[in-house]
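Residue numbers (the working numbering): -18 to 273.
Just so you know, even glycine gets a beta-carbon here, dropped at the ideal spot from N, CA and C.
Keep in mind it's a predicted model, so treat the numbers as computed, not measured.
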């Protein structure tokens, strides 16, 4: 693996965004019974536009994940799956197949429709990761599906002078271009790992919705204290030009931000469109075998 580059560009934040709300996810199950935490879903569609859903999963008990996510459909959005530990096999109706491994990421554009499965390729050990749903603009909801896997070594990253390690999954940070770029929603998706006592500053456009999910340790953000398992929705202010994270202990957090679409959202399970008629059409297409 190539050495991690040192801090490429200094970033000064005049005023950090504060925390508007702290959200704790709820335990649920999806797929064929995989236990996970739904950090946010439909109730925050508007507040976190263009993001639709965010799940976290972590277990070293095979019965919690071994059944996986058998073949199921999607239309109208994109998924980004990021693994911290474990292995997951992807197969879909367009002919794509890939193995998602520790430290890697999978990007899938469902577009007009795809049927895929995500199955653990392990029967022991820790499985840990996250799945983020990113909405598509109305003009792109029926675009051709696409897919790409990124191994751990293919995800750009850098380390700051204070030892903070930043993995750039989507967007760009401190001059480092991420693995995936999306021109309309302009998502920023970072995995930020901080030593105890370290801080990290990240510039954010004032009109972008943003949130931070702590998955290890604890952070102070805009005067608020966050512990592992909590999501902080960040306030928007014309004076605040970014966010500063301060680690109370060795910590890991995901920062997501994006340009809101401000479009109608209609969702029925795995279909996310703009109108109920479009949802009915998606269901009819799936039932008739026309989805993908």
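Residue interval of the alpha helix (DSSP H) (run including residue i)
{"i": "residue 267", "result": "257 to 268"}
Between the CA atoms of residue j and residue i - distance to the nearest angstrom
{"i": "residue 108", "j": "residue 87", "result": "15 Å"}
{"i": "residue 186", "j": "residue 217", "result": "9 Å"}
{"i": "residue 249", "j": "residue 175", "result": "38 Å"}
{"i": "residue 188", "j": "residue 238", "result": "10 Å"}
{"i": "residue 197", "j": "residue 233", "result": "5 Å"}
{"i": "residue -4", "j": "residue 264", "result": "47 Å"}
{"i": "residue 138", "j": "residue 148", "result": "4 Å"}
{"i": "residue 101", "j": "residue 32", "result": "25 Å"}
{"i": "residue 247", "j": "residue -6", "result": "37 Å"}
{"i": "residue 235", "j": "residue 193", "result": "6 Å"}
{"i": "residue 94", "j": "residue 4", "result": "31 Å"}
{"i": "residue 46", "j": "residue 105", "result": "10 Å"}
{"i": "residue -18", "j": "residue 65", "result": "Because residue -18 sits at a pLDDT of 45, beneath the cut-off of 50, its placement in the model cannot be relied upon, and the following sentence gives the value as read from the coordinates. Looking at the two C-alpha atoms, the distance is approximately 17 Å."}
{"i": "residue 75", "j": "residue 126", "result": "8 Å"}
{"i": "residue 162", "j": "residue 170", "result": "10 Å"}
{"i": "residue 269", "j": "residue 135", "result": "39 Å"}
{"i": "residue 231", "j": "residue 154", "result": "21 Å"}
{"i": "residue 50", "j": "residue 267", "result": "18 Å"}
{"i": "residue 141", "j": "residue 273", "result": "44 Å"}
{"i": "residue 172", "j": "residue 84", "result": "10 Å"}
{"i": "residue 242", "j": "residue 92", "result": "16 Å"}
{"i": "residue 224", "j": "residue 215", "result": "9 Å"}
{"i": "residue 168", "j": "residue 152", "result": "6 Å"}
Presumed contact (8 Å Cβ cut-off) between residue i and residue j, rounded CB distance
{"i": "residue 244", "j": "residue 118", "result": "7 Å"}
{"i": "residue 96", "j": "residue 48", "result": "In fact, because the Cβ distance is near 18 Å, the residues do not count as touching under 8 Å."}
{"i": "residue 37", "j": "residue 6", "result": "7 Å"}
{"i": "residue 60", "j": "residue 114", "result": "6 Å"}
{"i": "residue 228", "j": "residue 178", "result": "6 Å"}
{"i": "residue 0", "j": "residue 202", "result": "6 Å"}
Start and end residues, beta strand (DSSP E) containing residue i
{"i": "residue 60", "result": "58 to 66"}
{"i": "residue 135", "result": "Element bounds for residue 135: n/a, residue is neither H nor E."}
{"i": "residue 162", "result": "Taken as a continuous stretch (DSSP letters only), residue 162 belongs to no beta strand (DSSP E), as it is neither H nor E."}
{"i": "residue 46", "result": "That residue, residue 46, is in no beta strand (DSSP E); it is neither H nor E in DSSP."}
{"i": "residue 90", "result": "86 to 90"}
{"i": "residue 182", "result": "180 to 184"}
{"i": "residue 110", "result": "108 to 116"}
{"i": "residue 4", "result": "0 to 5"}
{"i": "residue 247", "result": "247 to 249"}
{"i": "residue 79", "result": "78 to 81"}
{"i": "residue -5", "result": "Premise fails: residue -5 is in no beta strand (DSSP E) and is neither H nor E."}
{"i": "residue 150", "result": "146 to 151"}
One or two residues paired with residue i in a DSSP bridge
{"i": "residue 199", "result": "208"}
{"i": "residue 101", "result": "69"}
{"i": "residue 129", "result": "88"}
{"i": "residue 227", "result": "180, 201"}
{"i": "residue 169", "result": "238"}
{"i": "residue 9", "result": "17"}
{"i": "residue 232", "result": "175"}
{"i": "residue 190", "result": "239"}
Residue-chain proximity (residue i, chain B), Cβ-Cβ < 8 Å
{"i": "residue 14", "result": "Protein chains in the displayed structure number just one, and chain B is not present."}
Contact test: residue i Cβ vs the ligand NAD heavy atom, cutoff 7 Å
{"i": "residue 267", "result": "The ligand content of the structure shown is nil, which means the ligand NAD is not present either."}
Unbroken stretches of the beta strand (DSSP E), 3 residues or longer, contained in the region 12 to 40:
15 to 21, 32 to 40
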